[in-house]
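Chains as they are written, first to last, in my numbering: chain C, 484 to 1255; chain P, 38 to 255.
Cβ coordinates follow ideal geometry from the N, Cα and C atoms, glycine included.
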Amino acid sequence: MWKFNKSGPLFFAFIITTFFASAQHCQWKVSGVVKDESTGQPMEFANVYLREMQTGDITDSLGHFSISSVCSGNYHLSVSHIGCEPIEIFLPVSGDTTITVRLDHHSQLLNEVTITREAGKTTTQENQSLSTQRITEQADKNLGNLLENISGVSTIRHGSGISKPVVHGLYGNRLTILNNGIAQSGQQWGTDHAPEIDPLSANRITVVKGAGVLEYPGNSLGSVILIEPGKIPRDPHLHGNARYFYESNGRGNGINLKLQQHAKLLAWRITGTLKKSGDKRTPDYFLRNTGNEEAHLAVQLEKPIRDNWSADLYFSTFNARFGVLRGSHTGNLTDLEEALQREIPFYTEDHFSYSIDAPHQQVNHHLLKAHTQYRITDQQWIDLTYAGQYNRRKEFDVRRNNRSEFPALSLEQFTHFAEGRYENNFAANWKLKTGFQFQQTQNTNIPETGILPLIPDYISTEYGAFLTLTKSVHRATFEFGGRYDIEDRRVAAISTTIPRKVIRYHKQYQTGGALAGASYAIVKNWELTYNIGLAARNPEVNELYSNGLHQGVSGIEEGDPELDSEFSVKQTLSLKGNISEKLLIQALVYHQQIADYIYLQPQDEIRLTIRGAFPVFRYEQTDARITGMDLSANWQISPRFSINAMYSYLHGHDRENDIPLVYMPANNLFVALNYQLPKFGKFQNVEIQLNNRYVFKQNNLLPEQDFLTPPEGYHLAGLKLSAERQWSKFRLQLFTRAANLFNIRYRDYLNRQRYFADEPGINIISGINLSF
Amino acid sequence: MAGDEIEQLNATVLQQIPNFAAHTLKNLHMRQLHHLLPLALVFLISISSCKKDEQLDPVIPNEEEVITTLIYTLTPEGGGETVVFSFSDSDGDGGAAPEISADTLHANTTYTGSLQLLNETQNPADDITGEIAAEGESHQFFFENTIAGLQITYADSDASGNPIGLVTTVETSDATSGTLTITLRHELNKLAGGVADGNMANAGGETDIEVTFDVEVQ
Chain C
484 MWKFNKSGPL FFAFIITTFF ASAQHCQWKV SGVVKDESTG QPMEFANVYL
534 REMQTGDITD SLGHFSISSV CSGNYHLSVS HIGCEPIEIF LPVSGDTTIT
584 VRLDHHSQLL NEVTITREAG KTTTQENQSL STQRITEQAD KNLGNLLENI
634 SGVSTIRHGS GISKPVVHGL YGNRLTILNN GIAQSGQQWG TDHAPEIDPL
684 SANRITVVKG AGVLEYPGNS LGSVILIEPG KIPRDPHLHG NARYFYESNG
734 RGNGINLKLQ QHAKLLAWRI TGTLKKSGDK RTPDYFLRNT GNEEAHLAVQ
784 LEKPIRDNWS ADLYFSTFNA RFGVLRGSHT GNLTDLEEAL QREIPFYTED
834 HFSYSIDAPH QQVNHHLLKA HTQYRITDQQ WIDLTYAGQY NRRKEFDVRR
884 NNRSEFPALS LEQFTHFAEG RYENNFAANW KLKTGFQFQQ TQNTNIPETG
934 ILPLIPDYIS TEYGAFLTLT KSVHRATFEF GGRYDIEDRR VAAISTTIPR
984 KVIRYHKQYQ TGGALAGASY AIVKNWELTY NIGLAARNPE VNELYSNGLH
1034 QGVSGIEEGD PELDSEFSVK QTLSLKGNIS EKLLIQALVY HQQIADYIYL
1084 QPQDEIRLTI RGAFPVFRYE QTDARITGMD LSANWQISPR FSINAMYSYL
1134 HGHDRENDIP LVYMPANNLF VALNYQLPKF GKFQNVEIQL NNRYVFKQNN
1184 LLPEQDFLTP PEGYHLAGLK LSAERQWSKF RLQLFTRAAN LFNIRYRDYL
1234 NRQRYFADEP GINIISGINL SF
Chain P
38 MAGDEIEQLN ATVLQQIPNF AAHTLKNLHM RQLHHLLPLA LVFLISISSC
88 KKDEQLDPVI PNEEEVITTL IYTLTPEGGG ETVVFSFSDS DGDGGAAPEI
138 SADTLHANTT YTGSLQLLNE TQNPADDITG EIAAEGESHQ FFFENTIAGL
188 QITYADSDAS GNPIGLVTTV ETSDATSGTL TITLRHELNK LAGGVADGNM
238 ANAGGETDIE VTFDVEVQ
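Written as structure tokens, this is what we have:
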């Protein structure tokens, strides 16, 4: 009896609510306005959809939308627009509800054109981003190739599967890549070592084309790439998305699954990716042994411990096998010269294959990051971070007597990073950031190779501290700061003389960095920014101690243990803005001088070995200058038509020897024509894009600086179709892309395999993204 | 006078520091500190634990694949003095220059040539010749020379009946001089045109050995 009494009122209440709900005839109205996050302007033709009601609206010219007859309850409102990051908002409705939705428009082009800026802009440095939508449409690409969508970014490639981003002419150790705020630590010294990051784990990828990096340790001489998974949205329900793509060239397949939930106890997100592709094909032949296999996973946990205290944990694992073109593996200079003469590389087969044999690379990278933030007040907080990284790299060569199954290079690297950081928004629009960092890297050669290691074992211990101040006055932002680092490096190398013995080195480096920047809104919608930064980079172990034959380029590379740190002064000047919201322009010019720039200099010596004679290259230092310009523009001709254009110019000069710098990206021009339809039958946000990239010939190079003159310039046309539709509870995003549309033969200066083979021919990629 | 004032000021500042610290700590409630302390501890442990392992002990690899030495021994048919050509680079690709020696050949003589490959980074030296013979189908030596009248023909074969070149027949004619280049290719195309006859042009593959001798025929 008492049981009935207790549940009675509840039961009754349930009946009442149901009764009332039906009695209301679901009379509430959900309405609002959609605005451009950066400009604050209302957005027309945005698709608004109330998922549980399976109904929606398109915004009018004032950005207004309205959905009527909504019952009380919890809803998910999804808002999308062409060229925008679609967003989904958890919306409890218990009466007429009005909301303002801000969409991140033109994020790729004009990321922070916050002319009517809110207080607290954190940096004056230029940055450009790729949104989730853009990442999804190019799910087949690796990180380097994906970033080529941003002006001023190129890639150094080793075939089509392995690529490294190059920003303003600098790459590898001179460019810091932050994976969820942690500087990627791996074997970045190798031009054929791609960054071990799955771009599909990110919901935004940003390139900061800066003059200096103060907040992070490492060796960046200006620019940074940020891979950000983003915070888990505050939605109590389980959401996620599944992506699949197929590419015709290489018969590649890829799936990616993301699940996330902001549960009461714990917010979590899990992302997994599987990719496999086989031999790529040029217009004329298959590129044997150019397939790859990848499996990645990322787990993100966020826990609000109390109102002012939160903790989060991030784990990611990257596992890949990359095939290297069989015909690019040569024995000595005679072989290389023979390979250069050939139309079609040696070992080319007339059939497709998924198999990956020697030479190939096997890479594993794991990252664990623990972070906690404690808010002392709303204006000041403390962050503590620990990150551990484990990098494992094995490179397999064609070897005698079944030794191909043993790696020719086998390296293991542990990195521990710890940071304490304090931020304070004190006084009116003053922002202070300061922190202390510790990083230890231990690099070990695994002796399974039976080959003298290319780079030695070492332990590097770094301590760094930084302080930055940002001040916003109503039309201007000023930024300045400094950083100081100490590095202690112990190295144990193996002699190249007989008998082999261990040679130990102990070095200490002290370096400083500084940055000053100002951005100023000259008139409404136009902003001018200037930055000057000083930065230093310690010589990397390969530059100091490498000693041996570099098979890929048929040369003997010698390090110099006496090299000093590089020191850079970089200035950037940028202008961005728009003309009546129709024509958006961003222009950036930069000038960088690097004292003691380290590079590989061919020597007069030809060294005789049992494998034949090899040219000798030695790491030397010079004074370098890199100047360049990035231009981006977007012209909305009509609501349907728009044009995007990007142009990058770069000139590298060796001031000491008055010759060009090698491996500098060629100038390039990208133009895209877009046709957009907010609605087409059951499809929304339909977009057709025709684009063309023209890469100029690298003329700034002397014939004696390379085995071959740089390849001719080339036009690469592309086509893209994309559309979205709602399908019951799911949102579907479909795309088809054609790359190298006219199947042209070409070679690229920054591809190390240009000596041996053409670039891939036409590739048609189709994909689907299902969000729920 | 001025000194006194500065001293006083210093004293005031020094008094202020503990006050400031106490004030800051008071603002951070003890309860919050209880939560922060374990975290700070974990943080410190993680820093110190990774400092312990500071030994650097590289293992010198067992370079069993390296070929440092090639010895081409020519034995005259019907007896006589053997002729030896040798190329030795005992430190591998390292900086020390290789040692090259070549005895003089007799004119109008037929020799049986046999090749021996050694790895002298090992002690005692490893004989690699057997390894090449065992993988005969993917290896072949080539003998290119600029010596008028010198004929070098293969006298061995792999499992498929194609030449390897570990054993050769060498015929000299008149007294002259020139160079002989011995090349070892692996993963080559033995069936390509001319390869079985010792012509390298279409062979492809990767070069393992390429050594040149100055040869006198007397």
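Which one or two residues does DSSP pair with residue i in a beta bridge?
i         : result
P/ASN182  : P/LEU217
C/ASN1234 : C/ARG640
C/PRO1122 : Paired residue(s): none; C/PRO1122 is not in a bridge.
C/GLN611  : C/VAL690
C/ALA1128 : C/ALA1116, C/VAL1154
C/GLY918  : C/ARG904, C/PHE949
C/GLY1038 : C/HIS1033
Under 7 Å between beta-carbons, which chain P residues line up against residue i? List them in chain order, please.
i         : result
C/ARG1094 : THR244, ASP245, ILE246, GLU247
C/ASN928  : PRO95
C/GLU917  : It should be noted that the sequence gives Thr, not Glu, for residue 917 of chain C. By Cβ distance, chain P contributes nothing, its closest Cβ being about 16 Å from C/THR917, past 7 Å.
C/SER932  : The sequence given here has Thr at residue 932 of chain C, not Ser. Going along chain P in sequence order, the residues near C/THR932 (Cβ under 7 Å) are PRO98.
C/ARG973  : LEU93
If the cut is a Cβ gap below 8 Å, which residues of chain P does residue i touch?
i         : result
C/ASN884  : GLU102, GLU168, ALA171, GLU172
C/ARG1230 : What C/ARG1230 touches in chain P: nothing, since even the nearest Cβ is about 21 Å away.
C/PRO939  : PRO95
C/GLY1031 : ASP130
Can you give me the C-alpha to C-alpha distance between residue i and residue j, rounded to a whole angstrom?
i         : j         : result
C/PHE769  : P/ASP164  : 39 Å
C/THR615  : C/ILE969  : 38 Å
C/ASN1168 : C/VAL531  : 12 Å
P/THR146  : C/ALA976  : 51 Å
C/THR638  : C/LEU1202 : 21 Å
C/ILE934  : P/ILE97   : 9 Å
C/TYR729  : C/ASN736  : 5 Å
C/PHE1225 : C/PRO766  : 10 Å
C/ARG789  : C/ARG858  : 10 Å
C/THR917  : C/THR860  : 17 Å
C/GLY774  : C/TYR1102 : 33 Å
C/ASP795  : C/LEU742  : 17 Å
C/TYR873  : P/SER197  : 47 Å
C/ASP971  : C/GLU962  : 30 Å
C/SER1037 : C/LEU819  : 7 Å
C/PRO1143 : C/GLY652  : 13 Å
C/GLU578  : C/GLY515  : Looking at the sequence shown, residue 578 of chain C is not Glu but Gly. Cα-Cα distance, rounded: 14 Å.
C/LYS647  : P/ILE201  : 42 Å
C/LEU823  : C/ARG1123 : 48 Å
C/HIS722  : C/ASP866  : 29 Å
C/ILE541  : C/GLN510  : 20 Å
C/MET526  : C/ASP519  : 6 Å
C/ALA1070 : C/LEU1156 : 20 Å
C/ILE1126 : C/TYR967  : 45 Å
List the residues of chain C whose Cβ lies closer than 8 Å to the Cβ of residue i, in chain order.
i        : result
P/VAL232 : Simply none; closest approach about 13 Å.
P/GLU224 : TYR830, VAL881
Against residue i, what residues of chain C qualify as contacts under a CB-to-CB distance less than 7 Å, listed in chain order?
i        : result
P/ILE97  : ILE977, ARG983
P/LEU107 : ILE1093
P/THR158 : ILE981
(message) So within the stretch 811-836 of chain C, which uninterrupted alpha helix (DSSP H) runs reach at least 4 residues, ignoring any that extend past its ends?
(response) Counting whole runs of 4 or more residues, the stretch 811-836 of chain C contains the alpha helix (DSSP H) stretches 816-824.
(message) Any C-beta of chain P within less than 7 Å: which residues of the stretch 803-819 of chain C qualify?
(response) Considering only beta carbons, the part of the stretch 803-819 of chain C lying closer than 7 Å to chain P consists of HIS812, THR813, GLY814, ASN815, THR817, ASP818, in chain order.
(request) With 9 Å as the limit, tell me which residues of the stretch 118-146 of chain P have their beta carbon closer than that to any beta carbon of chain C; keep them in chain order. (result) Taking 9 Å as the upper bound on Cβ-Cβ separation, chain C lies near residues PHE124, SER125, ASP126, SER127, ASP128, GLY129, ASP130, GLY131, GLY132, ALA133, ALA134, PRO135, ILE137 of the stretch 118-146 of chain P.
(request) Please name the residues in the stretch 876-904 of chain C whose beta-carbon is closer than 7 Å to at least one beta-carbon of chain P, in chain order. (result) The stretch 876-904 of chain C vs chain P, Cβ under 7 Å: VAL881, ARG882, ARG883, ASN884, ARG886, HIS899, ALA901.
(request) Go through the stretch 842-903 of chain C residue by residue and report every complete run of the beta strand (DSSP E) that reaches 3 residues or more, in order. (result) DSSP runs (the beta strand (DSSP E)) wholly in the stretch 842-903 of chain C: 843-858, 863-879.
(request) Would you list, in chain order, the members of the stretch 174-200 of chain P that have their beta-carbon closer than 7 Å to a beta-carbon of chain C? (result) Listed in sequence order: no entries.
(message) Suppose only complete runs of 3+ residues qualify. What are the beta strand (DSSP E) ranges in the stretch 700-762 of chain C, listed by chain order?
(response) For the stretch 700-762 of chain C, the full-length beta strand (DSSP E) segments reaching 3 residues or more read 707-711, 722-730, 735-745, 750-760 along the chain.
(request) Tell me the start and end of each unbroken beta strand (DSSP E) in the stretch 127-202 of chain P that is at least 3 residues and wholly inside, in chain order. (result) Note on the stretch 127-202 of chain P: whole beta strand (DSSP E) runs with a minimum of 3 residues are 136-139, 147-156, 176-182, 188-191, in chain order.
(message) Runs of 4 residues minimum, wholly inside the stretch 944-1030 of chain C: which ones carry the alpha helix (DSSP H) assignment?
(response) If we require 4 residues or more, the alpha helix (DSSP H) runs fully inside the stretch 944-1030 of chain C come out as 1024-1028.
(request) Report the residue ranges of all beta strand (DSSP E) runs contained in full by the stretch 1164-1200 of chain C; include only those spanning at least 3 residues, in chain order. (result) With a minimum length of 3 residues, the continuous beta strand (DSSP E) runs that stay inside the stretch 1164-1200 of chain C are 1166-1178.
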